[in-house]
Amino acid sequence: MEFQRMVDGSVSMKDSAKSEISSERTLYPYVTGTSVIGLKYKDGVILASDTAGSYGSTLRYKCVERIKQVGDHTLIGASGEISDFQEIMRYLDELILYDKMWDDGNSLGPKEVHNYLNRIMYNRRNKFNPLWNSLVLGGVKKGQKYLGTVNMIGTHYEDDHLATGFGNHLARPILRSEWREDLTFEEAVKLIEKCLLVLLYRDRSSINKFQIAKITDEGTTIYPPYALKTFWGFSHFQNPSKGAAGTW
Amino acid sequence: MFRNQYDTDVTTWSPAGRLFQVEYAMEAVKQGSAAVGLRSKTHAVLAAVNKAASDLASHQRKLFRADQHVGVAIAGLTADGRVLSRFLRNECINHSFVYESPLPVARLVVQLADKAQVCTQRSWKRPYGVGLLVAGLDETGAHLYYNCPSGNYFEYQAFAIGSRSQAAKTFLERRFEAYDGYSREELIKDALFAIKETLQGEKLTSQLCTVAIVGEGEAFHIIDQQTIQDYIDAMELSTGGPEEEAAAEAPPSAEAQGGGEGASSEPAPMDI
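Residue numbers (full-length UniProt numbering), protein chains in the order written: chain S, 1 to 248; chain W, 1 to 272.
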């Protein structure tokens, strides 16, 4: 068996016995990030995620920045295959570069970046070679707040609060009941931390190291990683073998 | 311009550093019938003279919509203008498809200018023989550009191209400084005045001209004949005739605004 690199970057295996080139398709991801949460607040948009890169069930990498800046008006957070996220960042950095080179007073806002990314994701999906990610895009341009999501099959939509992966099941219900249009930054962070804590308790791929990023008309800030306080003093944890005394 | 030995090829420079074929292409623009454009902070207006070849014929289209937010007026070889309009429409729709957002007018005109420049640097091509007034609205406000066969483009507050456009330009030069604050009605009236200047005595009717407007809350569209005729009637009522506003009176348009609303109920003083 030998590996052969195709022009478009895909790799196929070539059996020396029969010379056939199989068409490549993505089968499964390798190093993955878990949930990303995003929500709009009074002055802009906040994104949050942990900094874990799992290798299957192993919590292999613990310093993975899954939220990045894209141009002056947009933040992107990714879950799923980390290497595909790095590829997406290459595309988006190139897009922003060419946009800056126009130097004409116009600039691509978060809506435009989101749609561009959606074109890429859907196109790859149609070729059966998706970028294995679920992404959250947030941004502010000329006072207009934007929050959208796009995933590996090209599904995309906007909302006041969004999440990927487990975040949809654990964080969104909290946000649906407690989110308001006029949250201050501090209130928004508290709400996000509530969601992150639930994910930390219940999502096995998460670790206690989180990053929060905010974007407003003034600019972007990606805060350094920090840990949350967890509580394990539940009565059921006090005497774990209570219900299993004895030897049989 | 005189014929000379450096004007056969677009890829031949003259000793004075000129490309004669490009200059001849710009002559073609001057031969076409007039088109004018003006803009305020929030609106841009295009107007063009429609001269039919004969009474039997319909007139040539000179105003084209490229997208909801941008349109062009052409002067010169209308066939070239049609082809370039198709290019503009394509660029606009491609951008909308990828970015779900209207193409900024400044970027559209650069793409158009780059396309025109190619024809000035290939021996097997000729320059486009059409000048385009591009009017559009985007995030940065209303814009008016002029694209030249040479591949140059310029932004204008107001401009006129085509035959006898100098008369319109003289009129616009007197008034353009106030345009940023003009309302859409005032812009349309000034566009019609400018067109009237190029007619050099011929009577202005809505049959003879086409006017289009784009602005905040208003997609690019051609204004219907009846509305234009109403504007023209209002102008004529207050100025008393086409020749008289050529005298140094700036006030005519101020009066035209006052007379505008009463015009439709009274019979206009026109010859049949």
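Glycine included, every Cβ here is placed at the ideal spot set by N, Cα and C. Predicted model only: the values in this text are computed from it and were never measured.
E139(W) and K62(W) have their C-alpha atoms roughly 26 Å apart. Residue contact check for W102(S) against chain W: a CB pair falls below 8 Å. Note that the C-beta distance between A234(W) and T198(W) is not below 8 Å.
Contact check between the stretch 181-189 of chain S and the stretch 197-209 of chain S: fewer than three CB pairs, one atom from each, fall below 8 Å, which does not count as touching. Chain order gives the chain W residues near L108(S) as Y99, S101, where near means a beta carbon separation below 9 Å. Rounded to whole angstroms, the Cβ separation of Q21(W) and R126(W) is 7 Å, and the two are in contact under 8 Å. At least one CB of chain S lies nearer than 8 Å to the CB of P104(W). Within the stretch 203-243 of chain S, the complete alpha helix (DSSP H) segments of 4 residues or longer fall at 235-238, listed in chain order. Judged by DSSP secondary structure, Q117(W) falls within the alpha helix (DSSP H) whose first and last residues are 105-118. Pairing L75(S) with T220(S) gives a Cβ-Cβ distance under 8 Å. Distance check between I223(W) and each of E27(W), A48(W), V134(W), L133(W) places A48(W) closest, using alpha-carbon atoms only.
Under the Cβ criterion (8 Å, minimum of three pairs), the stretch 29-43 of chain W counts as touching the stretch 175-185 of chain W. Runs of the beta strand (DSSP E) lying entirely within the stretch 72-112 of chain S and spanning at least 3 residues, in chain order: 74-81. N115(S) has a beta carbon lying within less than 8 Å of a beta carbon in chain W.
For N168(S), the enclosing alpha helix (DSSP H) begins and ends at 166-178.
Against K111(S), the close residues of chain W are E100, S101, in the order they occur along the chain (beta-carbon pairs closer than 7 Å). Closest option to Y223(S), judged by alpha-carbon separation, among L47(S), Q144(S), L92(S), S206(S): L47(S).
By the Cβ test, the stretch 154-161 of chain S is not in contact with the stretch 60-78 of chain S, since fewer than three Cβ pairs between them sit closer than 8 Å. In this chain, the alpha helix (DSSP H) harbouring E197(W) covers 184-199. Apart from the 5 residues on each side of it in sequence, S206(W) sits with its Cβ closer than 7 Å to the Cβ of Q225, I228, Q229, I232 in its chain, given in chain order. Residue environment for K229(S): exposed (fewer than 16 other C-beta atoms within 10 angstroms of its C-beta). Bridge pairing for L133(W): A73(W), Y146(W) [DSSP]. No Cβ of chain S is located within less than 8 Å of the beta carbon of E91(W). Around the Cβ of L97(S), a 10 Å sphere holds fewer than 16 other Cβ atoms; the residue is exposed.
From the beta-carbon of T140(W), the residues of chain S found nearer than 8 Å are G105, N106. In this structure, the alpha-carbon of T170(W) lies about 19 Å from that of A75(W). Flagged as an interface residue toward chain W: R119(S), by a C-beta distance shorter than 8 Å. At a cut-off of 8 Å between C-beta atoms, R184(W) does not count as an interface residue with respect to chain S. According to the DSSP assignment, Q144(S) belongs to the beta strand (DSSP E) that extends over 144-151.
Within a 10 Å sphere around the beta-carbon of T149(S) sit 16 or more other beta-carbons, which makes this residue buried.
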